[in-house]
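Asker:
Numbering (my numbering), first residue to last: 1161 to 1393.
(1) Alpha carbons only, please: which of 1194, 1355, 1195, 1241 is nearest the one belonging to residue 1309?
(2) In this structure, how does DSSP classify residue 1318 when only helix, strand and coil are distinguished?
(3) Rounding to the nearest angstrom, what Cα-Cα distance links residue 1171 and residue 1286 in this structure?
(4) Please report the residue range of the beta strand (DSSP E) in which residue 1383 lies.
(5) If you drop the 5 nearest sequence neighbours on each side, which residues of the same chain put their C-beta closer than 6 angstroms to that of residue 1319?
(6) Kindly indicate the opening and closing residues of the alpha helix (DSSP H) around residue 1261.
(7) Compare the beta carbon distance of residue 1283 and residue 1303 with 9 angstroms and say whether it is the shorter of the two.
(8) Helix, strand or coil: which one does DSSP assign to residue 1311?
(9) Mind the definition here: the region 1289–1299 touches the region 1330–1338 only if three or more C-beta pairs lie below 8 angstroms; say whether that holds.
(10) Report buried or exposed for residue 1270, applying the criterion of at least 16 other Cβ atoms within 10 angstroms of its Cβ.
(11) Spell out a yes or no on whether the region 1376–1385 and the region 1220–1229 are touching, meaning 3 or more CB-CB pairs, one atom from each, closer than 8 angstroms.
(12) Excluding five sequence neighbours on each side, which residues of the same chain lie with their C-beta closer than 7 angstroms to the C-beta of residue 1223?
(13) With a Cβ-Cβ cutoff of 9 angstroms, do residue 1243 and residue 1295 count as a contact?
(14) Buried or exposed: residue 1208, going by 16 or more other Cβ atoms within 10 Å of its Cβ?
(15) Rounded to a whole number of angstroms, what is the C-alpha to C-alpha distance between residue 1258 and residue 1180?
(16) Between residue 1362 and residue 1393, what straight-line distance do the alpha-carbon atoms span, to the nearest angstrom?
(17) Under the three-state reduction of DSSP, which class applies to residue 1276: helix, strand or coil?
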């Protein structure tokens, strides 16, 4: 069997050229999508910056108790490129890898490890049908592989197909996603008293994640945390 695996892998190497998504350098490890050098160039978020940023985004009246992001999101930066490839070029493996990076960053944090489920920010059914997958769910699956908390994408739903947040200012983003998420009546019993982690690709103003958390808290969740690959602003 090992001989067959070796032959199969050799054929894969012959047919496909595995290269870094950023610099296009050859990758020896087929499981990777970015080389170590490019990975090292991504600016990580310091813990003190995380605390300050999320205090501004969620504030005292927010529904998210604690949040964590790995990287700064910058225009034309490596993370922006990776997330664009993930969302619009069907590069699903990027989502899993980024999720694993997030998972390894919080694998010793008991607040996250004790959660009952990871909940990806849901796409509306129209957008999900167009894209074919939810990028936040792929990230959540990567996180789950590391910390062992299961992914649940059958709890939180999007009530309307909101416009993209990309070109909206703070107030417009907030209004765009206001009351856009809900928990079905039949699922509220499961939600009650449980602790959840909302997973998104990038947290910019925090409006989307906060609305997701609001829907869960109002349905009886005891606590909501948040994780994202990157933070902007």
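Glycine included, each C-beta is placed from N, C-alpha and C at the ideal position.
Answerer: Checking against the coordinates, here is how it stands:
(1) As a position in the chain shown, residue 1309 is number 149, starting the count at 1. Per the Cα distances, 1355.
(2) Along the chain shown, one-based indexing puts residue 1318 at 158. Of the three classes helix, strand and coil, the one that applies to residue 1318 here is strand, per DSSP.
(3) By 1-based counting over the chain shown, the position of residue 1171 is 11. By 1-based counting over the chain shown, the position of residue 1286 is 126. Model confidence at residue 1171 stands at a pLDDT of 36, short of 50, so the residue's coordinates are unreliable; what they give is reported in the following sentence. Separation of residue 1171 and residue 1286 (C-alpha to C-alpha, rounded to the nearest whole angstrom) is 38 angstroms.
(4) Translated into positions along the chain shown, residue 1383 becomes position 223. Where residue 1383 is concerned, the enclosing beta strand (DSSP E) stretches over 1383–1391.
(5) In the chain shown, the residue the question calls residue 1319 occupies position 159. Counting only Cβ-Cβ distances below 6 angstroms, and skipping sequence neighbours, we find 1340, 1342.
(6) In the chain shown, residue 1261 corresponds to position 101, counting from 1. Here the alpha helix (DSSP H) through residue 1261 covers 1252–1265.
(7) Position 123 of the chain shown, counted from the start, is the residue given in the question as residue 1283. Position 143 of the chain shown, counted from the start, is the residue given in the question as residue 1303. No. Outside cutoff.
(8) The residue labelled residue 1311 in the question sits at position 151 within the chain shown. Looking at residue 1311 - three-state DSSP - the assignment turns out to be strand.
(9) Two segments are said to touch when three or more pairs of C-beta atoms, one from each, lie closer than 8 angstroms; by this definition the region 1289–1299 does not touch the region 1330–1338.
(10) Residue numbering aside, residue 1270 sits at position 110 when the chain shown is read from its first letter. Residue 1270 is exposed by the Cβ-count criterion.
(11) Short answer: they touch.
(12) Against the chain shown, residue 1223 aligns to sequence position 63. Exclusion of the five residues before and after residue 1223 leaves 1370, 1373, 1374, 1377, 1384 as the residues of its chain whose Cβ lies within less than 7 angstroms of its Cβ.
(13) Here residue 1243 refers to the residue found at position 83 of the chain shown. Here residue 1295 refers to the residue found at position 135 of the chain shown. It is a contact, given that the beta carbons lie within the stated cut-off.
(14) The sequence position of residue 1208 within the chain shown is 48, counting from 1. Counting C-beta atoms within 10 angstroms of its own C-beta, residue 1208 has fewer than 16 neighbours from the protein chains shown and is therefore classed as exposed.
(15) Stepping through the chain shown from its first residue, residue 1258 is reached at position 98. Stepping through the chain shown from its first residue, residue 1180 is reached at position 20. If I take the Cα positions, the gap works out to 14 angstroms.
(16) As a working mapping, residue 1362 is identified with position 202 in the chain shown. As a working mapping, residue 1393 is identified with position 233 in the chain shown. Cα to Cα, the separation comes out at about 10 angstroms.
(17) Counting from one through the chain shown, the residue named residue 1276 turns up at place 116. Coil.
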